[in-house]
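Data block below; observations after.
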Amino acid sequence: MPYNFDKIINRIGTNSVKHDMLEKKFRKKDLIPLWVADMDFETPDFIINGIKKRLEHPILGYSVKPDDYFESIISWVKRRHNWNISRKTIISTTGVVPALAIATLALTNENDKIIIQPPVYFPFFETIEQNGRQIVENPLKVENGTYVFDFEDLKSKIDKDTKLLMFCNPHNPVGRVWRENELRELAQICLDNDIIIVSDEIHSDLIFKGNKHIPIASLSPEISQNTITTIAPSKTFNAAGMLSSVVITENKEYKKQFMQKMSDLHLIVDNVLGTAGLTAAYQHGDQWLAQLIDYIEQNYVYVRDYLANNMPKINLFKPEGTYLLWLDFSELGFSDDELQAFLINDAKLAMNPGIWFGKESGSGFARMNIAAPKAIIEKAMLQLHNAYKNRH
Ligand SMILES: Cc1ncc(COP(=O)(O)O)c(C=O)c1O
Numbered sequence: 157m158p159y160n161f162d163k164i165i166n167r168i169g170t171n172s173v174k175h176d177m178l179e180k181k182f183r184k185k186d187l188i189p190l191w192v193a194d195m196d197f198e199t200p201d202f203i204i205n206g207i208k209k210r211l212e213h214p215i216l217g218y219s220v221k222p223d224d225y226f227e228s229i230i231s232w233v234k235r236r237h238n239w240n241i242s243r244k245t246i247i248s249t250t251g252v253v254p255a256l257a258i259a260t261l262a263l264t265n266e267n268d269k270i271i272i273q274p275p276v277y278f279p280f281f282e283t284i285e286q287n288g289r290q291i292v293e294n295p296l297k298v299e300n301g302t303y304v305f306d307f308e309d310l311k312s313k314i315d316k317d318t319k320l321l322m323f324c325n326p327h328n329p330v331g332r333v334w335r336e337n338e339l340r341e342l343a344q345i346c347l348d349n350d351i352i353i354v355s356d357e358i359h360s361d362l363i364f365k366g367n368k369h370i371p372i373a374s375l376s377p378e379i380s381q382n383t384i385t386t387i388a389p390s391k392t393f394n395a396a397g398m399l400s401s402v403v404i405t406e407n408k409e410y411k412k413q414f415m416q417k418m419s420d421l422h423l424i425v426d427n428v429l430g431t432a433g434l435t436a437a438y439q440h441g442d443q444w445l446a447q448l449i450d451y452i453e454q455n456y457v458y459v460r461d462y463l464a465n466n467m468p469k470i471n472l473f474k475p476e477g478t479y480l481l482w483l484d485f486s487e488l489g490f491s492d493d494e495l496q497a498f499l500i501n502d503a504k505l506a507m508n509p510g511i512w513f514g515k516e517s518g519s520g521f522a523r524m525n526i527a528a529p530k531a532i533i534e535k536a537m538l539q540l541h542n543a544y545k546n547r548h
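Under the numbering used here, think of the first position of the sequence shown as 157, with each following residue one higher.
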């Protein structure tokens with residue numbers, strides 16, 4: 157069945173962070189929201205129907221996760237990523253960011269060092285700092301127009317207090333889908349230095365043609381034993397408000413410590429509607445997802461060509477997955493404040509400032525969310541072009 161991603165849906169007044177928080181965050185209302193990572197497409201009918209079906213029973217009391225919940229996750233990661241996992245490796249959380257925080261608390265001690273690879277999703281910084289751990293930055297570097305790992309820098313920064321790598325694959329915001337050789341080298345450095353990998357794979361279903369997502373834990377039994385992975389249907393199916401994510405680890409000790417921390421915080425609870433939605437998503441999502449990826453990829457090609465033809469001073473890093481574009485505005489010569497003022501006041505666009513993702517590595521950049529009907533992306537490009545023409 158063909159789904160309609162062109163449909164424009166008014167989300168204003170629905171308590172949407174992306175739409176209803178514009179004024180609070182950007183001090184203006186009439187902006188095209190291209191910031192928060194959710195999509196302006198309908199959450200697919202099979203998820204809504206899964207939730208409706210649960211609502212046919214009139215009681216929403218305390219619940220446990222049913223068998224088909226676990227089966228749907230096991231089948232999904234096998235179908236999508238050829239990853240074999242068993243039920244006993246699965247833990248449920250209310251979100252991926254909460255899972256990163258729980259892993260930090262469960263597996264490290266105060267003042268321990270945790271590696272991140274900026275520019276990277278800003279809650280990585282927050283979950284470490286707010287929990288009294290130290291951030292070690294191992295910035296990605298650009299080689300031949302592509303972001304890659306800097307292994308020499310990584311090795312030089314590891315010491316006895318370095319306990320964990322908070323890893324992002326596919327990478328938000330640069331859009332890399334890390335290749336097997338890159339993953340193997342990274343994983344080996346972690347194994348050699350007793351560094352636990354916490355792998356945020358929330359974007360792993362959003363992979364463009366010609367690329368393949370490899371769960372880092374699927375590379376070998378040894379790497380699997382050293383890894384905690386997080387996934388969720390939230391980005392994939394535009395259902396972040398369901399608050400249903402999944403943590404996977406084969407390491408029994410990590411699982412025990414993680415569950416203990418959840419128990420300490422009284423977080424071992426079931427969200428009945430989220431569970432119904434997640435199960436439906438992973439049971440029925442393949443066809444919808446294939447169409448979604450095609451649509452997003454077409455939006456990407458449109459933005460790429462539009463920029464190349466009309467705004468050659470804005471440099472776009474080629475994404476291999478996700479629906480987030482990492483745009484380099486540095487040739488325009490703005491400071492970071494001026495860049496945001498240009499985007500907000502001149503172009504009337506709300507994009508995430510690059511410096512949220514890394515003070516140095518994100519300077520001169522902005523992140524653009526292209527998961528919206530094509531007409532909205534076209535309008536955004538036109539507004540950006542008009543603003544650009546006035547400056548150049
Ligand atoms: C890399 C990454 N991790 C986690 C999240 C959010 O996860 P959650 O809403 O499940 O906490 C996002 C959302 O943008 C993300 O990009």
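Every residue, glycine too, gets a C-beta built ideally from N, C-alpha and C.
CB contact flag (residue i, residue j, <8 Å)
i      : j      : result
Gly514 : Pro254 : no
Arg386 : Val252 : Note that residue 386 is Thr in the sequence shown here, rather than Arg. In contact: Thr386 and Val252 (Cβ atoms closer than 8 Å).
Ile363 : Gly441 : no
Leu375 : Ala343 : yes
Val459 : Thr249 : no
Lys391 : Leu187 : no
Glu453 : Asn471 : no
Gln439 : Glu406 : no
Thr480 : Asn328 : First, the amino acid is wrong: residue 480 is Leu here, not Thr. Cβ distance < 8 Å, so Leu480 and Asn328 count as in contact.
Ile372 : Asn427 : no
Gln413 : Leu256 : no
Asp498 : Ala543 : Reading the sequence as shown, one finds Phe at residue 498 and not Asp. For Phe498 and Ala543, yes; Cβs fall inside 8 Å.
Ile532 : Asp196 : yes
Lys417 : Ile258 : yes
His237 : Ser401 : no
Ala432 : Arg210 : yes
Ile314 : Asn349 : yes
Identity of the residue in the options nearest residue i by Cα
i      : options                        : result
Phe323 : Ile352, Pro509, Gln443, Ile404 : Ile352
Ile345 : Asp361, Asn325, Ile372, Phe307 : Phe307
Thr318 : Asn325, Met418, Gly301, Asn294 : Asn294
Asp420 : Leu261, Thr170, Gln381         : Leu261
Phe280 : Ser172, Ser355, Gln381         : Ser355
Lys469 : Tyr479, Asn455, Asp484         : Asp484
Glu266 : Ser400, Arg243, Tyr277, Gln290 : Gln290
Arg332 : Thr245, Leu190, Ile370         : Ile370
Val330 : Lys545, Asn508, Pro389, Arg243 : Asn508
Ile272 : Lys244, Trp239, Asp309, Gly301 : Asp309
Ile165 : Lys530, Arg547, Asn546, Lys545 : Lys530
Under 8 Å, with one C-beta from each stretch per pair, do the region 446–456 and the region 158–177 reach the 3-pair mark?
Yes, the region 446–456 touches the region 158–177.
In chain order, what residues have a CB nearer than 7 Å to some heavy atom of ligand 1?
Residues flagged by the Cβ proximity filter: Ala193, Gly251, Val252, Val253, Pro254, Tyr277, Pro279, Cys324, Asn328, Asp356, Ile358, His359, Ala388, Ser390, Lys391, Ala396, Ser401.
For a minimum of 4 consecutive residues, which ranges assigned as the alpha helix (DSSP H) are wholly contained in the region 412–442?
428–440
Specify whether the region 537–547 and the region 459–469 touch according to this definition: at least 3 beta carbon pairs, one from each stretch, less than 8 Å apart.
yes
Stretch-stretch touch, CB-based, cutoff 8 Å, three pairs: the region 219–226 with the region 187–201:
no
Can we say the region 514–528 touches the region 482–498, given the rule of at least three CB pairs closer than 8 Å?
yes
Quick one: complete beta strand (DSSP E) runs, 3+ long, within the region 252–297?
With a minimum length of 3 residues, the continuous beta strand (DSSP E) runs that stay inside the region 252–297 are 269–272, 290–293.
Quick one: which unbroken alpha helix (DSSP H) runs of 4-plus residues sit fully inside the region 348–379? Chain order, please.
none
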